[in-house]
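Trainee: Before I ask anything, here is the structure I am working with.
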């Protein structure tokens, strides 16, 4: 197969920033946790993307985790440029701001995370953006007995093994509890 990115599925997230004085979102599936202490995460954004400009200027960004019912909006944000479309208006997003004024958050997403940029590393055709998590938000109706519930969050995943299988998926069934398999 050669050198392939076979890490699948991946989270499909909406990364938010302010570009040219307007909120903008880009769909990213290369996102993950990088450290527990300090709490950090990273996203990889193609170098030609409009949103990268806002992240570089403001040194802040948001990560919004959409539920499966936002698949149309998530796909739209990953296929058109914010330089040509007002994605907030086109998608009907209700946005809010937490602690960071240039990291717009999407009300319709069950999870929202605000990040300050710690480092941007150019790697090939992408830039890896490492951010310190400043605040996290989880919609109230995504809890069961005070604990976040993955089925209520219903996050989108992205898979790209082949062109035929490339697309969005939902999280499957529970398999086993951590550290309980003997």
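Numbering (the numbering used here), first residue to last: 172 to 353.
Even glycine gets a Cβ: it sits at the ideal position worked out from N, Cα and C.
I'd like to check one pair, residue 220 with residue 197: are the Cβ atoms closer than 8 angstroms?
Mentor: Taking the chain shown and counting its residues from 1, one reaches residue 197 at position 26. Taking the chain shown and counting its residues from 1, one reaches residue 220 at position 49. Cβ distance < 8 angstroms, so residue 197 and residue 220 count as in contact.
Trainee: In or out: residue 283 buried (at least 16 other Cβ within 10 Å) or exposed?
Mentor: In the chain shown, residue 283 corresponds to position 112, counting from 1. It is buried - the Cβ of residue 283 has at least 16 other Cβ atoms within 10 Å.
Trainee: Kindly indicate the opening and closing residues of the beta strand (DSSP E) around residue 232.
Mentor: Here residue 232 refers to the residue found at position 61 when the chain shown is read from its first residue. Counting along the chain, the beta strand (DSSP E) containing residue 232 begins and ends at 231-236.
Trainee: Cutting at 7 angstroms between CB atoms, please list the residues of its own chain near residue 222, excluding the five before and the five after it.
Mentor: Residue 222 sits at position 51 when you count from the first residue of the chain shown. Counting only Cβ-Cβ distances below 7 angstroms, and skipping sequence neighbours, we find 186, 188, 190, 195, 197, 216, 253.
Trainee: Quick check: the stretch 284-295 against the stretch 322-339, are there 3 or more CB pairs under 8 angstroms?
Mentor: Counting Cβ pairs under 8 angstroms, fewer than three are found: no touch.
Trainee: Quick one: is residue 346 buried, meaning 16 or more other Cβ sit within 10 Å of its Cβ, or exposed?
Mentor: The sequence position of residue 346 within the chain shown is 175, counting from 1. Exposed, by the Cβ-count rule.
Trainee: What does the alpha-carbon distance come out to for the pair residue 349 and residue 318?
Mentor: In the chain shown, the residue the question calls residue 349 occupies position 178. In the chain shown, the residue the question calls residue 318 occupies position 147. Roughly 16 angstroms between the two C-alpha positions.
Trainee: In chain order, which continuous runs of the alpha helix (DSSP H) of length 4 or greater are located wholly inside the stretch 246-290?
Mentor: The stretch 246-290 contains these whole alpha helix (DSSP H) runs: 258-262.
Trainee: Relative to the alpha-carbon of residue 209, which residue among 291, 301, 280 has its alpha-carbon at the smallest distance?
Mentor: If you number the chain shown from 1, residue 209 lands on position 38. Answer by Cα proximity: 301.
Trainee: Let me check understanding here. Comparing Cα to Cα, which of 290, 334, 312 lies closest to residue 230?
Mentor: Stepping through the chain shown from its first residue, residue 230 is reached at position 59. Residue 230 has its Cα closest to that of 290, out of 290, 334, 312.
Trainee: Starting from residue 300, trace the beta strand (DSSP E) both ways and give me its first and last residue.
Mentor: The residue labelled residue 300 in the question sits at position 129 within the chain shown. Looking at the DSSP string, the run of the beta strand (DSSP E) that includes residue 300 is 297-309.
Trainee: Are the CB atoms of residue 304 and residue 270 within a distance shorter than 8 angstroms?
Mentor: As a working note, residue 270 is residue 99 in the chain shown. As a working note, residue 304 is residue 133 in the chain shown. No, the Cβ-Cβ distance between residue 270 and residue 304 is not below 8 angstroms.
Trainee: Buried or exposed, going by whether 16 or more other CB atoms sit within 10 Å of the CB of residue 263?
Mentor: Sequence index remark: in the chain shown, residue 263 carries index 92 (1-based). Result: exposed.
Trainee: For residue 232, count neighbouring C-beta atoms within 10 Å of its own C-beta (all shown protein chains included) and say buried if the count is 16 or more, exposed if not.
Mentor: Indexing the chain shown from 1 puts residue 232 at position 61. Label assigned to residue 232: buried.
Trainee: Under the DSSP definition of a beta bridge, which residues are partnered with residue 205?
Mentor: By one-based count along the chain shown, residue 205 stands at place 34. Answer is none; residue 205 lacks a bridge partner.
Trainee: Can you tell me the Cα-Cα spacing of residue 276 and residue 311, whole angstroms?
Mentor: Locating residue 276 in the chain shown gives position 105, where the first residue counts as 1. Locating residue 311 in the chain shown gives position 140, where the first residue counts as 1. For residue 276 and residue 311, the distance between alpha carbons rounds to 16 angstroms.
Trainee: Let me check one thing: in DSSP terms, what residues is residue 182 bridge-paired to?
Mentor: One-based indexing of the chain shown puts residue 182 at position 11. DSSP output for residue 182 lists 328 as bridge partner(s).
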